[in-house]
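**Q** Offset between the sequence shown (1-based) and our numbering: plus 1.
For glycine and all other residues, C-beta sits at the position ideal for the given N, C-alpha and C.
So that we are looking at the same thing, I have put the structure below in structure tokens.
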Amino acid sequence: MPRFFQFSESAENGVIEITGEDAKHISFSLRMRTGERLTVCDGAGTDHECEIVFMDGQSVRLAVLSSHPTETEPPLAVRLYQSVPKGDKFEYIVQKAVELGVSEIVPVYSSRCIVKPDPKSEEKKTARLSKIALEAAKQCGRGRLPKILPFVTYAEAVRTCEENAFICYENEKSFSLKRYLKELSEKEAKTLSFFIGPEGGYSEDEIVLASKKGIPAVKLGPRILRCETASGFVLSSLTFAFEL
């Protein structure tokens with residue numbers, strides 16, 4: 002069933018109206034007609050099952066048939082601190098991270114990032130990544146709309162990071178992701194943050210800075226993963242550990 006994100010106070014009264022690009026998509030791309038059904042999610046964990054009662058190409062009016070909590074959200078609210086990669090890799094990372102259950106993504110400039118800070122382009126990049134996150138959330142049936150947060154430096158990311166966090170580091174030899182997740186499960190945590198480095202990984206100084214903040218380095222296994230693979234690996238591991 003087609004799925005759209007829209008917060009609507011009128012949903013409580015049994016009516017939702019969709020306008021703009023989504024209305025055009027319903028009318029012309031999906032070619033839906035009155036009497037057909039679709040799902041509208043408020044982006045905060047509630048799904049509304051709806052029936053189309055009116056459409057004119059510019060707006061679509063829906064009758065709310067039922068409302069219920071979404072069943073697709075993971076038990077952990079997960080924030081990904083992703084060092085900014087080159088090219089269009091970030092778009093791929095965002096798409097797959099949303100599909101795999103991430104709640105928030107923070108773009109981070111770490112020391113080995115090839116891409117350097119450019120405040121003039123960051124607003125445009127954030128809008129582009131947010132659009133990709135929205136489309137991915139629709140496709141995979143998310144109940145909450147993941148956020149793309151502002152670009153920050155690595156030092157800012159470490160300083161503002163909350164509890165239950167780890168940093169993925171290929172040179173860590175003993176502390177594994179499996180062990181970290183076991184300890185996290187025993188704490189019955191509800192939130193988690195993790196850091197993924199750029200193409201060149203993290204410097205030793207960056208690992209030391211994280212350690213001073215209480216953020217341990219974690220190894221992901223015997224193989225070195227690309228930056229566009231690592232976040233998906235971690236999020237898949239979280240799904241196995243806490244959902245399956």
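How big is the Cα-Cα spacing for L150 and V107?
**A** So the two alpha carbons sit approximately 5 Å from each other.
**Q** Going along the chain, which residues of its own chain have a beta-carbon closer than 6 Å to the beta-carbon of I168, five neighbours each way excluded?
**A** The residues are F196, A211, I216 and A218.
**Q** Below 8 Å, how does it come out for the segment 137-150 and the segment 66-86: are there three or more Cβ pairs, yes or no?
**A** The segment 137-150 vs the segment 66-86: in contact.
**Q** What does the Cβ neighbour count give for V209, buried or exposed, with the cut at 16 atoms within 10 Å?
**A** V209 should be labelled exposed.
**Q** Out of G222, Q83, V61 and G88, which one is the CA nearest neighbour of V1?
**A** Outside the displayed range of the chain (2 to 245) lies residue 1, so it cannot be described from this structure.
**Q** Taking Cβ to Cβ, would you say V85 is nearer than 8 Å to C114?
**A** Taking 8 Å as the Cβ cut-off, V85 and C114 qualify as a contacting pair.
**Q** In angstroms with no decimal places, state the Cα-to-Cα distance between T240 and L101.
**A** About 8 Å.
**Q** How do the segment 187-195 and the segment 36-46 stand: do at least 3 beta-carbon pairs fall below 8 Å, yes or no?
**A** At 8 Å Cβ cutoff, the stretches do not touch.
**Q** Measure the alpha-carbon distance for E200 versus C228 and round it to whole angstroms.
**A** So the alpha carbons of these two residues sit roughly 6 Å apart.
**Q** Report buried or exposed for G198, applying the criterion of at least 16 other Cβ atoms within 10 angstroms of its Cβ.
**A** G198 comes out buried.
**Q** Note down, in chain order, each residue of its chain lying with its Cβ closer than 6 Å to the Cβ of Y181, except the 5 sequence neighbours on either side.
**A** Closer than 6 Å at the Cβ level, and outside the excluded window around Y181, lie F167 and V219.
**Q** So, at 7 Å on beta carbons, what are the nonlocal neighbours of F234 in its own chain, with the 5 sequence-adjacent residues on each side left out?
**A** The residues are L221 and L226.
**Q** I'd like the ranges of any beta strand (DSSP E) spanning at least 3 consecutive residues and lying wholly in the segment 171-216.
**A** Fully enclosed beta strand (DSSP E) runs of 3 or longer: 192-197.
**Q** Taking 8 Å as the threshold (C-beta atoms), are V65 and V109 in contact?
**A** Not closer than 8 Å, so no.
**Q** Cα separation between L236 and P120?
**A** Computed Cα separation, rounded: 29 Å.
**Q** For the alpha helix (DSSP H) containing T127, list its first residue and its last residue.
**A** Residues P120 to C141.
**Q** Where are the alpha helix (DSSP H) runs, 4 residues long or more, that stay fully inside the segment 53-130, in chain order?
**A** You should have 90-100.
**Q** Can you give me the C-alpha to C-alpha distance between V54 and A134, rounded to a whole angstrom?
**A** So the alpha carbons of these two residues sit roughly 29 Å apart.
**Q** Whose CA, out of A156, T161, I19 and P3, lies closest to the CA of S60?
**A** Measuring from the Cα of S60, the nearest candidate turns out to be I19.
**Q** What's the gap between the Cα of N172 and the Cα of G88?
**A** Near 26 Å, if we compare the C-alpha coordinates of G88 and N172.
**Q** Among E13, A242, E50 and Q7, whose alpha-carbon lies nearest the alpha-carbon of K179?
**A** When each option's Cα is compared against that of K179, the closest is A242.
**Q** With DSSP collapsed to three states, give me the class of R32.
**A** Looking at R32 - three-state DSSP - the assignment turns out to be coil, as it is neither helix nor strand.
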